[in-house]
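Visitor: First the structure, then my questions, so here it is.
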Amino acid sequence: MKLLYRKRDNDKMIIGLITEEDDDLWGVYNLLSLNDEIESYTSRKVQKDIGNNSYVTEIRKLMLTLCITKIDFDCENNSLRVSGKNVKANEYVKIGQYHTFDIGLNDKIKIMKKNWDHIYREKLEECTNIKNNCEIAILLIDCGRANMYLLTQQLYKTVFSINKIIHKKKDKNNSSSYKKSLENFFNIVLKNLYSTISMKNQI
């Protein structure tokens, strides 16, 4: 999950997030509590007046802010539904009307919490920093190519990909250029490796 921002606004902590992996929906579920506010884009059927006391039903994409009254997470289908009352005036949804967000992958959401303590700080760090949760790191290297992956129990994530041209070692006159380009490639790989995972206490 990508953390866009975290800021204090009077008595509320405001967090901006984007869900990127299936596990992120579980992470959002654990960050939410009843009476929190959540803001996101959603689709809703609305009635449009076309005159002569006639109306047509349209599906509109809206930005709504809900005060949460119900949170449902379906483990089998990996789906997250958040219901609540609209708290901001909107052309199509009155304040106090109920709505439900179906939160999926790549959804941008804003969470506003009054109850912000060390437990939620730890939960946020846990679900937004994959480095803290990875169990296995895999580095695949070929000539001029390197790909790094971090694995948890339920997902993997590509953390960097490198492609560099390695000059071919055709003859003795070209060996210096070959060694230099090869050394440069491995230096880039090491720099990315050290910035990705902690090498402390590793053999």
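With my numbering as the guide, the letters of the sequence shown map in order to residues 10 to 212.
Ideal Cβ placement from N, Cα and C applies to all residues, glycine included.
(1) Which of helix, strand or coil does DSSP assign to residue 206?
(2) Please go through the same chain and pick out, in chain order, the residues whose beta-carbon is closer than 6 Å to the beta-carbon of residue 48, but skip the five residues on each side of it.
(3) I'd like to know if the stretch 12-21 and the stretch 105-113 are in contact, where contact means that at least 3 CB-CB pairs between them fall below 8 Å.
(4) Of the residues 29, 22, 21, which one's Cα is nearest the Cα of residue 136?
(5) Under DSSP, the alpha helix (DSSP H) around residue 214 begins and ends at which residues?
(6) Buried or exposed: which applies to residue 45, given that a residue is buried once 16 or more other Cβ atoms fall within 10 Å of its Cβ?
(7) Does the stretch 167-177 touch the stretch 121-134, meaning 3 or more C-beta pairs lie closer than 8 Å?
(8) Would you tell me roughly how many angstroms separate the C-alpha atoms of residue 2 and residue 154, rounded to the nearest one?
(9) Could you give the uninterrupted runs of the alpha helix (DSSP H) lying entirely in the stretch 44-128, keeping only those of 4 residues or more?
(10) For residue 55 and residue 103, what's the separation of their Cα atoms in angstroms?
(11) According to the neighbour-count rule (16 or more other Cβ atoms, all chains shown, within 10 Å of its Cβ), is residue 195 buried or exposed?
(12) Starting from residue 20, trace the alpha helix (DSSP H) in both directions and tell me its first and last residue.
(13) Taking DSSP as the reference, what is the three-state secondary structure of residue 42?
(14) DSSP beta-bridge partners for residue 145?
(15) My assumption, with CB atoms under 8 Å, is that residue 175 sits in contact with residue 185. Please give the rounded CB distance.
(16) Check each candidate in 13, 152, 113, 69 and name the one with the smallest Cα separation from residue 101.
(17) For my contact list, residue 27 and residue 132 are in at a C-beta cut-off of 8 Å; report their separation, rounded to the angstrom.
(18) If contacts are defined as beta-carbon pairs under 8 Å, then residue 91 and residue 76 qualify, I think. What distance do you get, rounded to the angstrom?
Guide: The answer reads as follows:
(1) coil
(2) 74, 119
(3) no
(4) 29
(5) The structure shown has nothing for residue 214, since the chain only spans 10 to 212.
(6) buried
(7) No, they do not touch.
(8) One cannot answer for residue 2 here, as it falls past the ends of the chain, which runs 10 to 212.
(9) As far as the stretch 44-128 is concerned, it has no whole alpha helix (DSSP H) run of at least 4 residues.
(10) 11 Å
(11) exposed
(12) That residue, residue 20, is in no alpha helix (DSSP H); it is neither H nor E in DSSP.
(13) coil
(14) 160
(15) With 8 Å as the limit, residue 175 and residue 185 do not qualify as a contact, their Cβ atoms being about 13 Å apart.
(16) Scanning 13, 152, 113, 69 for the CA closest to the CA of residue 101 turns up 69.
(17) Between residue 132 and residue 27 the Cβ distance is about 17 Å, and since that is not below 8 Å, they are no contact.
(18) No, residue 91 and residue 76 are not in contact; Cβ-Cβ is about 11 Å, not under 8 Å.
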